[in-house]
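Going left to right, the sequence shown walks through residues -20 to -1, 1 to 142 as mature numbering (1 follows the signal peptide of the UniProt record, and there is no 0) numbers them.
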Amino acid sequence: MSKKNIILTTFALTFLSCFTYIISQTKPVIEQKSTQDTVKNNRPSIIAMPTDSVFTDKGLKLKLYKKTAHASYYADRFNGRKTADGSRFSNSKYTAAHKKLPFGTRVKVTNEANGKFVIVKITDRGPFVKTREIDLSKRAFMEITKNKGAGAMKVTIETIIE
């Protein structure tokens, strides 16, 4: 081969390798999928209520969901983790996990032992224990429990409808 062909071949290979490097460094644009609920959305309109507030149940339209359901609360190790709806979990908020209720549903949870209640927003899926119906944040659980050392209680669950 002549010296001219060797130089041209070297130049061509160098030129092509530059483009290959540039193409390999560009990242494709990936669209983020929106979080979709795993339960079909056949629910009535929900009343817009501020989170982390003290509520009374006067004037609310409630629909009984389940009586004598077993409730427990989240362990502290879940603080800061993402919930199934994409938000960050905090044990200091009024939130809950339920297997079937749609995300964003507000429910009134009443302790059957003492009549105390709390209104929470469904933000997660669970609990993953057969005997439990709902997992409350620690703040919501401690607000309605009779015995602060208890880990579970019997509750009545009512959905808030418009």
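Here a beta-carbon is modelled for each residue, glycine too, at the ideal position from N, C-alpha and C.
When the options are compared against residue i, the one with the closest alpha-carbon
i: S117; options: I141, K73 and F(-6); result: K73
i: R112; options: T(-12), I124, I(-15) and K47; result: K47
i: G129; options: H78, S52 and N71; result: S52
i: A132; options: I114, T139, E138 and I141; result: I114
i: V135; options: F97, G39, F69 and D104; result: F97
i: F108; options: T(-11), Y54 and R86; result: Y54
i: G66; options: T103, N(-16) and I(-14); result: T103
First and last residue of the uninterrupted beta strand (DSSP E) at residue i
i: A51; result: K41 to Y53
i: R86; result: R86 to N91
i: A77; result: T75 to H78
i: F97; result: F97 to D104
Helix, strand or coil at residue i according to DSSP, with G and I counted as helix
i: R61; result: coil
i: R68; result: strand
i: K134; result: strand
i: R119; result: helix
i: T139; result: strand
i: K(-17); result: helix
C-beta contact flag for residue i and residue j at 8 Å
i: L42; j: K88; result: yes
i: A76; j: V100; result: yes
i: R105; j: N71; result: no
i: R86; j: I140; result: yes
| said: Under 8 Å, with one C-beta from each stretch per pair, do the segment 54 to 66 and the segment 85 to 99 reach the 3-pair mark? | reply: Result no; under three Cβ-Cβ pairs closer than 8 Å.
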